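Sequences listed follow chains A and B, in order. Going by this note's numbering, the first sequence runs without a break in its numbering and finishes at 354. Going by this note's numbering, the second sequence runs without a break in its numbering and finishes at 214.
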Amino acid sequence: MTMFENVTRALARQLNPRGDLTPLDSLIDFKRFHPFCLVLRKRKSTLFWGARYVHTDYTLLDVLEPGSSPSDPTDSGNFSFKNMLDARVEGDVDVPKTVKVKGTAGLSRSSTLEVQTLSVAPTALENLHKERKLSADHPFLKEMRERGENLYVVMEVVETLQEVTLERAGKAEGCFSLPFFAPLGLQGSVNHKEAVTIPKGCVLAYRVRQLMVNGKDEWGIPHICNDSMQTFPPGEKPGEGKFILIQ
Amino acid sequence: ASDVGEMHEDFKTLKEEVQRETQEVEKLSPVGRSSLLTSLSHLLGKKKELQDLEQTLEGALDKGHEVTLEALPKDVLLSKDAMDAILYFLGALTVLSEAQQKLLVKSLEKKILPVQLKLVESTMEKNFLQDKEGVFPLQPDLLSSLGEEELILTEALVGLSGLEVQRSGPQYTWDPDTLPHLCALYAGLSLLQLLSKNS
Numbered sequence: 108m109t110m111f112e113n114v115t116r117a118l119a120r121q122l123n124p125r126g127d128l129t130p131l132d133s134l135i136d137f138k139r140f141h142p143f144c145l146v147l148r149k150r151k152s153t154l155f156w157g158a159r160y161v162h163t164d165y166t167l168l169d170v171l172e173p174g175s176s177p178s179d180p181t182d183s184g185n186f187s188f189k190n191m192l193d194a195r196v197e198g199d200v201d202v203p204k205t206v207k208v209k210g211t212a213g214l215s216r217s218s219t220l221e222v223q224t225l226s227v228a229p230t231a232l233e234n235l236h237k238e239r240k241l242s243a244d245h246p247f248l249k250e251m252r253e254r255g256e257n258l259y260v261v262m263e264v265v266e267t268l269q270e271v272t273l274e275r276a277g278k279a280e281g282c283f284s285l286p287f288f289a290p291l292g293l294q295g296s297v298n299h300k301e302a303v304t305i306p307k308g309c310v311l312a313y314r315v316r317q318l319m320v321n322g323k324d325e326w327g328i329p330h331i332c333n334d335s336m337q338t339f340p341p342g343e344k345p346g347e348g349k350f351i352l353i354q
Numbered sequence: 016a017s018d019v020g021e022m023h024e025d026f027k028t029l030k031e032e033v034q035r036e037t038q039e040v041e042k043l044s045p046v047g048r049s050s051l052l053t054s055l056s057h058l059l060g061k062k063k064e065l066q067d068l069e070q071t072l073e074g075a076l077d078k079g080h081e082v083t084l085e086a087l088p089k090d091v092l093l094s095k096d097a098m099d100a101i102l103y104f105l106g107a108l109t110v111l112s113e114a115q116q117k118l119l120v121k122s123l124e125k126k127i128l129p130v131q132l133k134l135v136e137s138t139m140e141k142n143f144l145q146d147k148e149g150v151f152p153l154q155p156d157l158l159s160s161l162g163e164e165e166l167i168l169t170e171a172l173v174g175l176s177g178l179e180v181q182r183s184g185p186q187y188t189w190d191p192d193t194l195p196h197l198c199a200l201y202a203g204l205s206l207l208q209l210l211s212k213n214s
């Protein structure tokens, strides 16, 4: 597991144990998980290893008719973490918005992760809903409708307030870097990286809600949804009988 | 709507879930299983291609398209349940790093998947609900059948999922944050072992 994943998972666990905050798996994708970003949910997935959402290249605003922009997502609190990887060991909430964690091993003592949560304000969403309809001819929407995909909107994120370099305290590193792996081309990838720099404004975890499309250009984001709900009304998918060969 | 977060289940639930899916794959004909194994062996280590296949299968299921496995003398048509199960395992395999995927192929060649599966299963069974990091003794006979190369291969494979095995003791370090990765590894190993059983 990468250091980045370690950190985002520990963060989600700390902020929202047994909740619906989804840790981001890949640092490279963080820009596609900002508020209003549209994501897809993997069709067949499990609670056991998560990774249920896949980024797209679009935001909700991209697929709406032109109009006024919504207000920026609101900041609902800052948090500060020290030695994130050890959060589970001695995590302790001092005051409602600050979490200080003492660690024993793992990240370097100097690593402190400062994060904030940003969420789409209900009023901003209501106004957007009133003012802007779906751009029904948008190619992305057309494609998604045709494929019968369910779309989700990122509504809340936890992001970094400052750039931070996290370092691993180096246990078990190096033990796989044996010549044996060279033919496999694994030398570089098996050696753990010892540090990762997370930029300012990097999304570490997020919450989504399902986008629902009614008719041609009406849309909504209900508060409660379940597995049987579909973004696009059923019965609109063309039923071609193509074969796909695996090999 | 979002049910990602933390898992509330125990190892038994995971094992049953994986068994349900492997049973669907088991229903494939020997030719179908062999074809699937060949396909996967070629794709493991190429994460992007594996993800593309996952997406294609998802799309096919959504649209009700038929999917076949290339095989001789005749291509094998996949049932919806089989596609569902394959998709489940693709989800697990794509969680693993490319290096791990390559290590799986190597382990397949060396026929050490059963030992690796037993190792992962045994440690998860004991620690699944353990939410604190710790060092625990490892049953010595779990690794005793492996030679030096196989041991290194196994240490690397599980180590990259966060399960650090130390030969002295022997013992292993349990890190609860790595559980999702280990679950995915467990599922991946289960599938490959099943597919390679009769090949």
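Backbone N, C-alpha and C fix where the C-beta goes; we use that ideal spot for every residue, glycine too. Owing to the predicted nature of the structure, the values given are computational and were not obtained by experimental measurement.
When DSSP states are grouped into helix, strand and coil, B:Gln181 belongs to the strand group.
Within 7 angstroms of the CB of B:Leu29, the CB atoms of chain A belong to Phe155, in sequence order along the chain.
Cβ contact annotation for A:Met262 (same chain, cutoff 7 angstroms, sequence separation greater than five): Pro142, Ser226, Val227, Arg314, Val315 and Arg316, in chain order. Near chain B, meaning a CB-to-CB distance below 7 angstroms, the residues of the segment 311 to 331 of chain A are Arg314, Val315, Arg316 and Gln317. Inter-segment contact for the segment 109 to 117 of chain B and the segment 186 to 201 of chain B is present: three or more beta-carbon pairs are separated by less than 8 angstroms. Looking at the DSSP output, B:Pro88 sits in no beta bridge, so it has no partner there.
For A:Asn113, the residues of chain B that pass the 9 angstroms Cβ criterion are Gly177, Asp190, Asp192 and Thr193, in the order they occur in the chain. Residue-level contact check: A:Ile135 does not touch chain B, since none of the beta carbons of chain B fall below 8 angstroms from its beta carbon.
Per the DSSP secondary-structure output, A:Asn321 pairs in a beta bridge with A:Glu325. With contacts defined as CB atoms closer than 8 angstroms, A:Thr153 and A:Leu258 fail to qualify as a contacting pair.
Its Cα nearest to that of A:Val320, the residue A:Leu241 stands out among A:Leu241, A:Ser335 and A:Thr272. With fewer than 16 other Cβ atoms inside 10 Å of its own Cβ, B:Phe151 counts as exposed.
Using a Cβ-Cβ cut-off of 9 angstroms, A:Leu352 is close to Val82, Thr83, Leu84, Glu85 and Asp90 of chain B, given in chain order.
Distance from the CA of A:Trp326 to the CA of A:Val271, rounded to the nearest whole angstrom, comes to 39 angstroms. DSSP places A:Ile305 in the uninterrupted beta strand (DSSP E) bounded by Ala302 to Ile305.
Only buried fits B:Gln131, as 16 or more other CB atoms lie within 10 angstroms of its CB.
At a cut-off of 8 angstroms between beta carbons, A:Arg239 makes no contact with chain B. Below the 8 angstroms Cβ cutoff, chain B contributes Glu69, Glu73 and Gly106 as neighbours of A:Lys149, in chain order.
A:Leu147 is not a Cβ neighbour of A:Val170, given a cutoff of 8 angstroms. For B:Gln154, the CB contacts under 7 angstroms within the same chain, skipping 5 residues up- and downstream, are Ser137 in chain order. Counting along the chain, A:Phe137 sits inside no beta strand (DSSP E), nor does DSSP assign it H or E at all. With a threshold of 16 other beta carbon atoms within 10 Å, B:Asp190 meets it and is buried. DSSP places A:His330 in the coil class of the three-state scheme, outside both helix and strand.
For B:Ile127, the three-state secondary structure derived from DSSP is coil.
When DSSP states are grouped into helix, strand and coil, B:Gln38 belongs to the helix group. By the rule that beta-carbons nearer than 8 angstroms mark a contact, B:Glu32 touches chain A.
In the three-state DSSP reduction, A:Pro130 falls in the strand class (E or B). Per DSSP, A:Thr338 is not a residue of any beta strand (DSSP E), being assigned neither H nor E. Taking each of B:Ser50, B:Ser205, B:Lys42 and B:Asp25 in turn and checking the Cα distance to B:Pro88, the smallest one comes out for B:Ser50.
The DSSP-derived three-state label of B:Pro152 is strand. Of the residues A:Pro229, A:Glu253, A:Leu167 and A:Lys307, the one whose Cα lies closest to the Cα of A:Pro341 is A:Glu253. Counted as a single uninterrupted DSSP element, the stretch harbouring A:Arg159 is not any beta strand (DSSP E), since DSSP gives it neither H nor E. For A:Val222, the three-state secondary structure derived from DSSP is strand. In the DSSP annotation of this structure, the continuous segment of the alpha helix (DSSP H) that includes B:Cys198 starts and ends at Leu194 to Lys212. Within its own chain, the residues whose Cβ lies closer than 8 angstroms to the Cβ of B:Leu118, once the five positions on either side in sequence are excluded, are Leu168, Ala171, Leu172 and Leu175, listed in chain order.
Residues Ala202 and Ser205 of the same chain have their beta carbon placed closer than 6 angstroms to that of B:Val33, with the five preceding and five following residues left out of the count.
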